[in-house]
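Structure, as structure tokens:
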Amino acid sequence: MAPTLTNASQVDLREYLLQRLAQLGLSSIHGVPGDCNLTVLDYLKPTGLHWVGNANELCAGYAADGYVRIKAPRSASIDQYSLWLRMSNFLQPGDIVMTETGTASYGGQGLALPNGTTLINSSIWPSIGYMLPACQGAELVERDMANAGTRALGRTILFEGDGSLQMTAQAISDIIRNKLDVIIFSSTTTDTRSSGYCMTFTAIIWGRVKSKPRRLPSQAFTAAFHA
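Numbers 0 to 226, taken from numbering that gives the first Met the number 0, label the letters of the sequence shown in order.
Quick look at the structure:
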């Protein structure tokens with residue numbers, strides 16, 4: 000039986016996160032023990048969750064993804080496979096598709112590309128923020144080549160997480176100034192961004208979060224186009 004919160008107004012954030020995972024039906028946690036989560040692991044045993052150690056963070060993420068696909072293939076709250084297959088229907092021949100480091104890079108490998116599509120995929124965790132200004136350059140040269148008759152005019156489509164977007168968001172002003180036709184899909188959430196997890200767990204370690212979960216701020220990226 001999943002544990003219940005004894006006092007929601009005073010519960011520790013570490014305890015709350017693990018109890019909620021148990022209440023949602025999870026039975027194991029995949030990860031790598033380290034400075035950012037050692038104090039969190041102290042709360043595993045009371046929840047009944049089983050710790051599965053992995054060699055590195057990348058392996059832990061992939062292991063957890065495989066776990067949920069078999070355990071709950073129809074009820075999983077996030078289904079990367081279905082998402083990227085649906086996005087494949089949006090693509091057209093001649094498009095330039097660019098996938099940023101992290102979720103978009105991994106998920107973009109599942110895209111079904113039409114003939115004549117160019118895919119530029121980022122490596123895992125090398126240089127976040129690269130793809131936004133890179134798509135500006137790609138769209139600019141595509142427009143020039145189309146005007147010269149050496150390439151058919153297609154679309155430049157960027158898939159990027161909000162953390163990477165914040166790194167080089169200034170490039171949006173260059174895209175607007177040069178009147179470039181770029182389509183940007185940014186994945187974002189107000190509570191569970193990877194960068195948010197890092198900030199939250201760091202705050203736990205240094206004692207800045209004592210009793211209740213923090214709601215992480217979100218950004219109104221579309222407001223940039225109205226500036």
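Idealized CB from N, CA, C, for every residue including glycine.
query, result
"CA nearest to the CA of I30, picked from L23, S104, A54 and Q91", "For clarity, residue 30 is Gly in the given sequence; the question names Ile instead. Of L23, S104, A54 and Q91, the residue nearest in Cα terms is A54."
"Identity of the residue in Q165, Q135 and S122 nearest R176 by Cα", "Q135"
"Extent of the continuous alpha helix (DSSP H) run through L139", "M130 to N146"
"Chain-order list of residues whose beta-carbon lies under 8 Å from that of R13 (same chain, five-residue window excluded)", "T38, V39, D41, Y42 and I203"
"Given R150 as reference, the closest of L17, G101, E99 and G115 once Cα atoms are compared", "G115"
"Proximity to Q18 [Cα-Cα], best of E56, T46, M97 and I171", "T46"
"6 Å CB neighbourhood of G153 in its chain, flanking five on each side removed", "G93 and D94"
"Beta-carbon proximity list for P132, same chain, < 6 Å, skipping 5 on both sides", "T167 and A170"
"Residues of its chain near S121, where Cβ-Cβ distance is below 7 Å and the 5 sequence neighbours each way are ignored", "T98, E99, T100, S104, Y129 and M130"
"Nonlocal neighbours in the same chain, by C-beta distance under 6 Å from T117, ignoring five residues either side", "I95"
"Backbone CA spacing between G60 and G162 [nearest angstrom]", "18 Å"
"Enclosing alpha helix (DSSP H) for T117 [first to last residue]", "First-last for T117: T117 to N120, but that is the beta strand (DSSP E), not the alpha helix (DSSP H)."
"Opening and closing residue of the alpha helix (DSSP H) in which E56 lies", "E56 to K70"
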